[in-house]
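S.K.: One structure, as structure tokens, below. Some questions next.
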Amino acid sequence: MLELARLNTGLDEPALQHLHRLVASWQVLADLSFSDLQLLASIEGEAGRRFLVLGQVRPTTGQTLYPEDLVGRVVEESERPLVARAWHLGEITHGVAPVLGASEPARLECIPVREGGRTIAVVSLEASTTSARRQGELERHYVEVFDRLALMLVEGSFPFGESEVELEEAPRVGDGVIVLDEGRRVRFASPNAVSALHRMGIHAYTTGLQLGEVGFDQSPIDAMYRSPSPVMVEMQRGESSVVVHAFPLLDAQAVVGGIVLLRDVTAIRHRDRMLVTKDATIREIHHRVKNNLQTIAALLRLQARRLRSAEARSALEESERRIRAIAVVHETLSRDASDVVPFDEIVRPLARLVEEASAGPDFPIRIEVEGHVGDIPGELATPMAVVLNELVQNAVEHAYPPGKARAGAGRVRVTLAREGDDAVLEVADDGVGLPTGFELDEATGLGLSIVHTLVTTEMGGSMELHDDHGARAVVRVPVRSPGQDA
Ligand SMILES: Nc1ncnc2c1ncn2[C@@H]1O[C@H](COP(=O)(O)OP(=O)(O)OP(=O)(O)O)[C@@H](O)[C@H]1O
Ligand SMILES: [Mg+2]
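Position one of the sequence shown corresponds to residue 372 (the working numbering), numbered consecutively onward.
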């Protein structure tokens, strides 16, 4: 809207900001008048002979005459003489004219928008001539309030000076309206407003009373009358939450009444709280799973220490190691309970775990991690972590046998990559390499069997083992990218 106006109307910055605020707050005008509204400004240098539609809003309380988008449309003076008159005279005009681009007649009210003592635009209000809306008590009150707001547009006191907070949950006319008089007493409360009050536990008949007298916290309304400017607050009463948007009705700066829009947001707040609790619960469960796994690992270690058989001891120690690797996954999940897991964040702690466990004073082994796989589906996180753990463990365990390894330090490189829909993990070391004649299919060790089964059967991927200046394992696993999963 601002861009369109800047390029075509020659309006200055204060005028543009005024129109910007108007468009931010004019839904209430459309709803109270049950009409379509258009904001038209004279095209630069055309002195009210041609107008540009800068904005459009439809009533949420009634039917629209304009299902199509009018913004950017150029309107000739001959199509909308009422708009031109309002623009030239700075006065509200009324009449009947065909709907833009059609022949059916519409009832028009054209209101000059004035700012700093000049007319900067025109709001054209259009309603069907056949609509029988303006009848009941509700309609009468709405239209009366609308007429006051229309005069405020001409006076320049609507929209309100300060930019209002744009809340997604800002109440609309349809949510509930209370019309207050000069003395802050209720003149009218719409049925939805009465229901909202009921849900707040206010059952008294309110007409003629101040809201404070029936137990409603009136302080925001008092503030609105005193300032006088709009207020928006969320009120809590018992179980219910209500967003209150109140603004003054002005006549030449004097407050002659007020409007209170109410929206019951109890259900929304309840849902928000439930979501927060559900998230927290999932995280808490992962935290506990992690703690339990660490307890199991500690028990295995205690048991291993009591064993005399070296083989039995190393079997238990290996199990301990595997369980600790899975605990790392749950540790990550306990920080962020979502369906996908940032696998990169799991890799470093896993590598550190192996590094620390292998740290011998005579032959240090450094594990380096590079690249990214990004988010992977939650159900793949544990098998991927186990696979990585086994491969890194093998490098540490077998690549640098005492006496055979070169002097210096071992260097194990873990490389992560995302190739299309595949996650690719590579673990390469600069050690002695695979034993001669080694075949993956014939390998009998538990570690590589676990890796092979998880990669091919459980995750539908593939793996290769190479011997190139050390051992190099490459694992490729399909991971659906987020958004693709059904
Ligand atoms: N990075 C490597 N460098 C040299 N040899 C390796 C490497 N990785 C695996 N191997 C060889 O492959 C064999 C099988 O490995 P696997 O992980 O299946 O069993 P393991 O490590 O011997 O036992 P476990 O993993 O159950 O503790 C190893 O015993 C080792 O000889
Ligand atoms: Mg192994």
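Glycine is no exception: its CB is placed at the ideal position from the N, C-alpha and C atoms.
Cutting at 8 Å between CB atoms, please list the residues of its own chain near ALA623, excluding the five before and the five after it.
M.R.: Excluding residues within five positions, the ones whose Cβ falls inside 8 Å are GLU526.
S.K.: Nearest-angstrom Cα distance between THR431 and PHE714?
M.R.: Straight-line Cα distance between these residues: approximately 47 Å.
S.K.: Hey, quick one: how far does the alpha helix (DSSP H) through SER820 stretch, first residue to last?
M.R.: 817-823 is the extent of the alpha helix (DSSP H) around SER820.
S.K.: Say whether the stretch 419-438 touches the stretch 400-407, bearing in mind that this needs 3 or more beta-carbon pairs closer than 8 Å, one atom from each stretch.
M.R.: Yes, since at least three Cβ pairs between the stretch 419-438 and the stretch 400-407 fall closer than 8 Å, the two stretches touch.
S.K.: What is the DSSP secondary structure of VAL846, reduced to helix, strand or coil?
M.R.: Here VAL846 sits in strand by DSSP.
S.K.: Is ASN765 close to ligand 2? I mean its beta-carbon at under 8 Å from any heavy atom of the ligand.
M.R.: Yes, ligand 2 has a heavy atom inside 8 Å of this Cβ.
S.K.: At what residues does the alpha helix (DSSP H) containing GLU768 begin and finish?
M.R.: From DSSP, the alpha helix (DSSP H) with GLU768 extends over 749-769.
S.K.: Any heavy atom of ligand 2 closer than 8 Å to the beta-carbon of HIS657?
M.R.: No, Cβ of HIS657 sits at least 8 Å from all heavy atoms of ligand 2.
S.K.: Here's a check: name, in chain order, each residue in its chain whose Cβ is nearer than 8 Å to the Cβ of THR753, leaving out the five neighbours to either side.
M.R.: Around THR753: ILE697 and VAL700.
S.K.: Rounded to whole angstroms, what is the Cα-Cα separation between ASN765 and VAL757?
M.R.: Whole-angstrom Cα-Cα distance: 12 Å.
S.K.: Skipping 5 residues on each side, what residues in its chain have a beta carbon closer than 6 Å to that of PRO720?
M.R.: Counting only Cβ-Cβ distances below 6 Å, and skipping sequence neighbours, we find VAL699.
S.K.: Rounded to a whole number of angstroms, what is the C-alpha to C-alpha distance between GLY348 and HIS769?
M.R.: Since the displayed the chain opens at 372 and closes at 857, residue 348 lies outside it and no answer follows.
S.K.: In this structure, how does DSSP classify ALA560 when only helix, strand and coil are distinguished?
M.R.: ALA560 falls in the strand class under three-state DSSP.
S.K.: Any chance the CB of HIS769 is under 8 Å from a heavy atom of ligand 1?
M.R.: HIS769: yes, Cβ under 8 Å from ligand 1.
S.K.: Provide the residue span of the alpha helix (DSSP H) that contains GLU682, from first to last.
M.R.: Its alpha helix (DSSP H) spans residues 681-704.
S.K.: Would you mind giving the Cβ-Cβ distance between ILE549 and VAL631, rounded to the nearest angstrom? I have them listed as a contact below 8 Å.
M.R.: Sure, about 4 Å apart at Cβ, within 8 Å.
S.K.: Tell me whether GLY841, by its Cβ, gets closer than 8 Å to a heavy atom of ligand 1.
M.R.: Result yes, Cβ under 8 Å from ligand 1.
S.K.: Cβ-heavy atom distance between PHE809 and ligand 1 below 8 Å?
M.R.: Yes, Cβ of PHE809 sits closer than 8 Å to a heavy atom of ligand 1.
S.K.: Under 8 Å: does the beta carbon of ALA675 sit that close to some heavy atom of ligand 1?
M.R.: No, since every heavy atom of ligand 1 falls outside the 8 Å radius drawn around the Cβ of ALA675.
S.K.: Confirm, please, whether the CB-CB distance from ALA492 to LEU390 is below 9 Å.
M.R.: Yes; because the gap between Cβ atoms is below 9 Å, this pair is in contact.
S.K.: Measure the alpha-carbon distance for ASP710 versus HIS574 and round it to whole angstroms.
M.R.: Between ASP710 and HIS574, the C-alpha separation is close to 46 Å.
S.K.: Please state the DSSP three-state secondary structure of GLN398.
M.R.: GLN398: helix per DSSP, three-state reduction.
S.K.: Would you list the residues sitting across from HIS837 in a DSSP beta bridge?
M.R.: DSSP, once it has assigned bridges, lists ARG843 as partnering HIS837.
S.K.: Roughly how far, in whole angstroms, is the beta-carbon of PRO591 from the beta-carbon of ALA617, given that I think they are within contact range, below 8 Å?
M.R.: Right, their Cβ atoms sit about 6 Å apart.
S.K.: List the endpoints of the continuous beta strand (DSSP E) containing ILE491.
M.R.: That run of the beta strand (DSSP E) goes 489-499.
S.K.: So what does DSSP say about ALA857, is it helix, strand or coil?
M.R.: Reliability fails at ALA857, whose pLDDT of 37 lies under 50, so the model's placement of it is uncertain and the value that follows must be treated cautiously. Residue state, collapsed to three classes: coil.
S.K.: Would you mind reading off the limits of the alpha helix (DSSP H) that contains PHE714?
M.R.: Looking at the DSSP string, PHE714 is not in any alpha helix (DSSP H), and its letter there is neither H nor E.
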